[in-house]
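Chemist: In the numbering used here, the protein residues as written are 32 to 357. Here a beta-carbon is modelled for each residue, glycine too, at the ideal position from N, C-alpha and C. In this text the structure is predicted, and so the values were computed from the model without any measurement.
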Amino acid sequence: MSQEKFKTTIGGQALIEGIMMRGPDKDAIVVRTKDGLHVETMPRKKNPPKSWKNLPFIRGVFNFFDAQVVGIKALLRSADLAPEEMQEEPSKFDRWLEKKLGSETFQKAIVGIAMFMGLGLSVVLFFLLPMVIGGFFDRWIRSNLGVNLIEGVIRMVIFLTYMLLISRMEEMRRVFSYHGAEHKTIRCYEAGLPLTVENVRQQTRLHPRCGTSFLLVVMVISILVFSVASSALLAAVPALETIRGTFGYRLLMIVFKLLLLPLVVGITYEINRWAGRRDNGFTKILTAPGMWLQHFTTNEPDDSMIQVGIAALEAVLPEREGADRW
32 MSQEKFKTTI GGQALIEGIM MRGPDKDAIV VRTKDGLHVE TMPRKKNPPK
82 SWKNLPFIRG VFNFFDAQVV GIKALLRSAD LAPEEMQEEP SKFDRWLEKK
132 LGSETFQKAI VGIAMFMGLG LSVVLFFLLP MVIGGFFDRW IRSNLGVNLI
182 EGVIRMVIFL TYMLLISRME EMRRVFSYHG AEHKTIRCYE AGLPLTVENV
232 RQQTRLHPRC GTSFLLVVMV ISILVFSVAS SALLAAVPAL ETIRGTFGYR
282 LLMIVFKLLL LPLVVGITYE INRWAGRRDN GFTKILTAPG MWLQHFTTNE
332 PDDSMIQVGI AALEAVLPER EGADRW
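#1: Have a look at the DSSP bridge pairing and note the partners of alanine 59.
#2: Decide if the segment 274 to 285 is in contact with the segment 315 to 331; the criterion is three or more beta carbon pairs, one per stretch, under 8 Å apart.
#3: Which partner residues of threonine 46 appear in the DSSP bridge assignment?
#4: Would you identify the three-state DSSP class for glycine 276, choosing helix, strand or coil?
#5: Do we get a CB-CB distance below 8 Å when we pair isoleucine 181 with the residues of chain B?
#6: Assign histidine 69 to buried or exposed, taking buried as 16 or more other Cβ atoms, counted over all protein chains shown, within 10 Å of its Cβ.
#7: Between leucine 191 and the rest of its own chain, which residues show a CB-CB distance below 8 Å, the 5 nearest in sequence each way excluded?
#8: Per the contact definition of three or more C-beta pairs closer than 8 Å, is the segment 191 to 210 in contact with the segment 170 to 180?
#9: Give every residue of the same chain whose Cβ lies closer than 7 Å to the Cβ of proline 293, excluding the five residues on either side of it in the sequence, and list them in chain order.
#10: Taking 8 Å as the threshold, find out whether the segment 202 to 222 comes into contact with the segment 231 to 238 through three or more Cβ pairs.
#11: Could you give the DSSP three-state label for glutamate 35: helix, strand or coil?
#12: Apply the 10 Å Cβ neighbour rule to proline 161 and answer buried if 16 or more other Cβ atoms are within range, or exposed otherwise.
#13: Kindly indicate which three-state DSSP category arginine 240 falls into: helix, strand or coil?
#14: Using C-beta distances below 8 Å, list every residue in its chain close to alanine 113, excluding the 5 sequence neighbours before and after it, in chain order.
#15: With a cut-off of 8 Å, do at least 3 Cβ pairs link the segment 255 to 267 to the segment 201 to 221?
#16: Quick one, are the C-beta atoms of threonine 299 and valine 259 less than 8 Å apart?
#17: May I have the straight-line CA-CA distance separating lysine 288 from glutamate 229, to the nearest angstrom?
#18: Can you list, in chain order, the residues of its chain with a C-beta nearer than 6 Å to that of glycine 42? Leave out the 5 residues immediately preceding and following it.
#19: What residues match up with arginine 356 in a beta bridge as DSSP calls it?
#20: If you run the structure through DSSP and keep just helix, strand and coil, what is glycine 67?
#21: Please state whether DSSP places serine 153 in a helix, a strand or coil.
#22: How about histidine 214 and threonine 40: are their beta carbons less than 8 Å apart?
#23: Among the residues of its own chain, which have a CB less than 8 Å from the CB of glycine 102, if the five just before and after it don't count?
#24: I'd like to know whether the C-beta atoms of proline 74 and glutamate 301 end up nearer to each other than 8 Å.
#25: My output table needs one value for glutamine 99: the three-state DSSP class, helix, strand or coil.
#26: Taking the C-alpha atoms as reference points, what is the distance between glutamate 352 and alanine 346?
#27: Whole angstroms are fine: how far does the CA of phenylalanine 95 sit from the CA of valine 296?
#28: Inspect the beta-carbon positions of leucine 344 and leucine 271 and report whether they are closer than 8 Å.
#29: Note down the Cα distance separating leucine 107 from isoleucine 274, rounded to an integer number of angstroms.
#30: So what does DSSP say about arginine 205, is it helix, strand or coil?
#31: Between glutamine 34 and alanine 212, what straight-line distance do the alpha-carbon atoms span, to the nearest angstrom?
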């Protein structure tokens with residue numbers, strides 16, 4: 032396989048004044064502090080090869096939640112390491128809670144709360160709210176596909192509006208620039224070029240296997256899964272048709288669809304895993320919306336940010352050649 036076709040499993044995340052990279056064997060956090068680059072590496076936990084957590088569709092759910100936990104921990108760590116002028120003074124409640132729980136337990140509690148709030152907000156904003164709005168159309172539209180298409184359009188509008196709004200926030204511009212540095216560094220590595228600032232700078236800041244693309248595919252897959260599952264439920268329980276359009280019916284369908292979210296994530300993970308190994312017209316169409324959205328979620332980085340990206344990637348490169356091949 033030629034160098035230009037090489038695809039790495041190494042991925043990353045923009046942090047506060049830094050970047051996290053996740054390699055096959057270890058994770059790395061690199062943050063620019065007043066004293067220079069601060070580098071931390073951690074061994075990556077792996078499931079045994081025959082673990083049920085590695086089964087298709089199931090593994091996607093576990094990998095998704097693992098990525099959320101690791102990402103939040105890295106973000107909180109970068110906040111601790113960032114220059115003092117960028118740090119917020121802990122509140123009295125934070126100091127009291129840390130004193131009562133102890134530093135380690137306090138950090139775990141913060142990670143748990145942050146993950147719960149982050150996932151909770153995402154579910155409410157991008158799934159629950161569209162379901163509530165879309166549910167009102169049940170009175171006039173008897174097609175499950177039609178209702179779920181309406182929900183999907185509402186979901187997309189809310190998601191795109193949310194991304195566009197945060198892309199305009201002053202506090203997020205540097206984070207999105209580090210996001211661009213992460214993509215450029217991985218692009219340079221996949222091209223087989225030496226990891227220098229000059230080579231990385233020349234790369235595009237858009238990457239087809241970004242988490243942004245994953246989220247968009249989740250929304251598309253949710254339309255199909257919700258439509259098929261809703262039709263199957265109504266076929267299995269015909270009596271539900273008699274209460275269609277009522278509050279009880281809408282509440283039941285909302286709960287039913289929320290329970291299907293792990294399945295949606297699992298299917299999306301397998302599709303992305305499959306598409307990541309291929310370069311054809313279908314995969315280009317699949318990744319095109321995510322690539323377009325990255326024009327808003329990434330900015331061009333400066334050289335100091337590129338240096339952070341290079342340091343983070345070099346810290347997780349596997350010792351065995353090809354161990355990170357997609």
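Modeler: Considering the structure as presented:
#1: Met52 and Thr72
#2: no
#3: Reading the sequence as shown, one finds leucine at residue 46 and not threonine. Paired residues: Gly49.
#4: coil
#5: This model lacks chain B altogether; it includes just one protein chain.
#6: buried
#7: Leu324
#8: no
#9: Val92
#10: yes
#11: Low confidence applies to glutamate 35: its pLDDT is 48, below 50, so where it sits in the model is not reliable enough to give any reading.
#12: buried
#13: coil
#14: Ile47, Glu48, Gly49, Val62 and Thr64
#15: no
#16: no
#17: 48 Å
#18: Arg53
#19: Thr39
#20: strand
#21: helix
#22: no
#23: Gln44 and Met51
#24: no
#25: helix
#26: 15 Å
#27: 8 Å
#28: no
#29: 47 Å
#30: helix
#31: Note on glutamine 34: pLDDT 45, under 50, position unreliable in the model; the coordinate value appears next. Computed Cα separation, rounded: 21 Å.
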